[in-house]
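When we follow our numbering, the leftmost residue of the sequence shown carries the number 360, and every step to the right adds one. The beta carbon of each residue, even a glycine, is placed where N, CA and C say it ideally should be. Here the structure is a predicted model, which is why all the values come from computation and not from measurement. Read through the structure below, which is laid out as structure tokens, and then see the notes.
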Amino acid sequence: MPKLELLPAVDVRDGQAVRLVHGESGSETSYGSPLEAALAWQSSGAEWLHLVDLDAAFGTGDNRALIAEVAGAMDIKVELSGGIRDDASLEAALATGCRRVNLGTAALETPEWVAKVIAEHGDKIAVGLDVRGTTLRGRGWTRDGGDLYETLARLDSEGCARYVVTDIAKDGTLQGPNLALLRDVCAATDKPVVASGGVSSLADLRAISLLVPEGVEGAIVGKALYAKAFTLEEALKAVAG
Ligand SMILES: O=C(O)c1ccccc1N[C@@H]1O[C@H](COP(=O)(O)O)[C@@H](O)[C@H]1O
């Protein structure tokens, strides 16, 4: 059985690595230099980095130069998110050398553009399905953007390669992942799913690992690593199988 991929997260707001609670602007805890955080996850054995420009996601500016610096310094694969909503922002994101990008708001607001870039870029494009219940949220998770399963069916029909599923109610809370949601999404699509939100313990990672046969490919880990609930080395060992 393939092992669960782990994607330690570096979310950048105002030039700092931060963690939010429920993705709410203003709930930030700061963890210093994004580059230092990313290099630390790389030296601890990460194969992926989940890198987010939160200012771009919230529409409060961007950290584009810093994000490019961090992505460019990585020898590992980078998944880049936040504010990728048109040709210019997509071009800038792909020019960082990242392995793939996550589109959030664009998948809700400009579906024709998203279908076009999926057709052009294949598995370099993933869609972030950020949900409260089964309602998608965009624009920094401040606006409703339609039904999860209707959107998933549309994106599947357009050939979307992968989904990053975040339960906003769990994100940044250390309350455990929403395993039922992950199972439901895996049942609704044949495409791989990356789990995001709520991981608090090695037991949570083992529980997500049990969903690999159902279609979960990876898990994003944020707050738990910064809060030192476990080390990345311990996490990688826990999912090694
Ligand atoms: O990761 C977060 O904590 C987060 C919080 C609030 C908004 C977005 C967040 N992250 C990721 O950003 C992209 C969405 O950005 P956009 O809508 O495409 O501009 C998505 O991957 C979110 O998971």
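Does the Cβ-Cβ distance between V604 and I579 come in under 8 Å?
For residue 604 there is no data in the structure shown, the boundaries of the chain being 360 and 600.
Could you compute how far the alpha carbon of D421 sits from the alpha carbon of D414?
Position 62 of the sequence shown, counted from the start, is the residue given in the question as residue 421. Position 55 of the sequence shown, counted from the start, is the residue given in the question as residue 414. Computed Cα separation, rounded: 5 Å.
What are the start and end residues of each continuous beta strand (DSSP E) run of 3 or more residues lying completely inside the region 479 to 549, in chain order?
484 to 491, 494 to 497, 502 to 506 and 522 to 526
Going by DSSP in three states, R372 sits in which element: helix, strand or coil?
Along the sequence shown, one-based indexing puts residue 372 at 13. DSSP places R372 in strand when its eight states are reduced to three.
Nearest by alpha-carbon distance to V490: which of S386, G556, I567 and E573 is it?
The residue labelled residue 490 in the question sits at position 131 within the sequence shown. Taking the Cα of V490 as reference, the smallest distance to any Cα among S386, G556, I567 and E573 is reached at G556.
Under 8 Å between the Cβ atoms of S559 and G535?
Locating residue 559 in the sequence shown gives position 200, where the first residue counts as 1. Locating residue 535 in the sequence shown gives position 176, where the first residue counts as 1. A contact, by the Cβ cut-off of 8 Å.
Going by other Cβ atoms of all chains shown within 10 Å of its Cβ, with 16 needed for buried, is D434 buried or exposed?
On the sequence shown, position 75 is the one that residue 434 refers to. D434 should be labelled exposed.
Please report the straight-line C-alpha distance between I567 and E450, rounded to a whole angstrom.
For the purposes of this step, residue 567 is taken as the residue at position 208 of the sequence shown. For the purposes of this step, residue 450 is taken as the residue at position 91 of the sequence shown. Their Cα atoms are separated by approximately 33 Å.
Look at L366 and E428 and say whether their C-beta atoms are less than 8 Å apart.
Position 7 of the sequence shown holds residue 366. Position 69 of the sequence shown holds residue 428. No, Cβ-Cβ distance for L366 and E428 is not below 8 Å.
Determine which residues share a DSSP beta bridge with G577 and list them.
One-based indexing of the sequence shown puts residue 577 at position 218. Answer is E364 and V553.
Just checking, does the region 499 to 506 make contact with the region 473 to 483 on the three C-beta pairs under 8 Å criterion?
The way I'd put it, the region 499 to 506 doesn't touch the region 473 to 483; fewer than three beta-carbon pairs between them come closer than 8 Å.
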